[in-house]
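Protein chains in written order, with my numbering: chain A, 711 to 824; chain B, 2 to 115.
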Amino acid sequence: SQQGEEDPQALSIQEGENATMNCSYKTSINNLQWYRQNSGRGLVHLILIRSNEREKHSGRLRVTLDTSKKSSSLLITASRAADTASYFCATVLVGSNAGNMLTFGGGTRLMVKP
Amino acid sequence: DGGITQSPKYLFRKEGQNVTLSCEQNLNHDAMYWYRQDPGQGLRLIYYSQIVNDFQKGDIAEGYSVSREKKESFPLTVTSAQKNPTAFYLCASKKGRSSYNEQFFGPGTRLTVL
């Protein structure tokens with residue numbers, strides 16, 4: 711079963727606009743990670759936020775985490791056509807000793823139009 | 002160059018055949034993972050290994066088998082028992098056992114059953 715669910719499933723914006731993607735999960739987590747996937751390629755790690763953190767920044771990326779609502783958001787500011795990709799949230803559960811396995815959501819497909 | 006390689010990039014299989022997907026990493030990572038991705042979906046964990054000669058089932062291990070005879074290599078065999086093997090297969094590796102370490106992904110193998 712998938713722990714995380716992204717919203718929206720698809721997002722289309724113009725270059726320069728901001729893109730916000732949301733992720734909800736069901737059970738308590740150790741940390742939450744965001745990954746990016748270009749079409750037909752492997753995933754690339756973007757950012758990790760720990761359960762005791764509320765916000766984290768990396769370049770044009772801003773991630774927030776609300777453990778009371780079991781949700782996270784990824785904001786990409788000043789988007790570029792090269793940001794076109796699928797974005798996935800993945801969680802590591804509390805007490806996970808199963809290889810600290812990641813449980814992925816279904817992803818948000820972002821299209822940035824030039 | 003350090004990284005994870007997967008081969009082949011595309012693989013075609015006749016029904017009833019077993020096929021083996023290769024995954025090699027030169028990152029000196031301890032943990033390795035196999036995921037399956039169906040169109041428009043997130044990743045689901047098939048098997049993982051935290052140490053040589055040891056591996057564990059993930060969420061969808063039925064019809065698959067793995068081995069971990071060397072730290073660098075984690076091949077996945079898709080057996081004829083796998084009812085619907087057509088999918089995109091991704092291999093990943095991670096340093097150490099910390100849940101705060103990111104996973105690094107290979108470029109994937111697209112398997113099609115004819």
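Built from N, CA and C at the ideal position, the CB exists for glycine as well. The structure presented is a predicted model; accordingly, all values stated were derived computationally and were not measured.
- Nearest Cα to residue 83(B) within the set 8(B), 40(B) and 64(B): 64(B).
- Looking only at 716(A), 737(A), 767(A) and 738(A), the smallest Cα-Cα distance to residue 731(A) is reached by 716(A).
- Of all residues in the segment 83-108 of chain B, only 89, 91, 92, 93, 95, 98, 99, 100, 101, 102, 103, 104, 105, 106, 107 and 108 come within less than 9 Å of chain A when Cβ atoms are compared, listed by chain position.
- Residue 819(A) and residue 760(A) have their C-alpha atoms spaced approximately 24 Å apart.
- Listed along chain A, no residue sits closer than 9 Å to residue 11(B) by beta-carbon distance, the nearest being about 10 Å off.
- Proximity of the segment 761-769 of chain A to the segment 788-795 of chain A falls short of the contact definition, fewer than three beta-carbon pairs being nearer than 8 Å.
- Residue 10(B) is positioned such that its CB atom lies no closer than 8 Å to that of residue 98(B).
- For the pair residue 782(A) and residue 756(A), the CB atoms are not nearer than the 8 Å cut-off.
- The beta carbon of residue 42(B) falls within 8 Å of a beta carbon belonging to chain A, placing the residue at that interface.
- Taking a contact as a CB-CB distance under 8 Å, the pair residue 747(A) and residue 798(A) counts as one, their CB atoms being some 7 Å apart.
- If you ignore the 5 residues before and after residue 765(A), its C-beta comes within less than 6 Å of the C-beta of 774, all in its own chain and listed in chain order.
- In the three-state scheme derived from DSSP, where H, G and I count as helix and E and B as strand, residue 791(A) is classed as helix.
- With a cutoff of 8 Å on beta-carbon distance, residue 54(B) and residue 69(B) are scored as near each other.
- Boundaries of the beta strand (DSSP E) around residue 90(B): 88-95.
- Interface with chain B (8 Å Cβ-Cβ cutoff): residue 740(A) is included.
- Checking the DSSP bridge columns, you'll see residue 72(B) has no partner listed.
- Residues of chain B whose Cβ lies closer than 9 Å to the Cβ of residue 752(A) are, in chain order, 5, 7, 91, 92, 93, 105, 106, 107, 108 and 109.
- Not a single CB atom of chain A sits nearer than 8 Å to the CB of residue 77(B).
- Inclusion of residue 79(B) and residue 48(B) in the CB contact set at 8 Å is not warranted, their separation being larger than that value.
- In terms of beta-carbon proximity, residue 743(A) lines the interface with chain B, with at least one pair separated by less than 8 Å.
- At the C-beta level, residue 5(B) and residue 24(B) come within 8 Å of one another.
- The Cβ neighbour count for residue 71(B), taken over all protein chains shown within 10 Å, is under 16; the residue is labelled exposed.
- For residue 732(A), DSSP records a beta bridge to 717(A) and 783(A).
- Excluding five sequence positions before and after residue 16(B), the CB atoms of its chain that fall closer than 7 Å to its own CB belong to 114, given in chain order.
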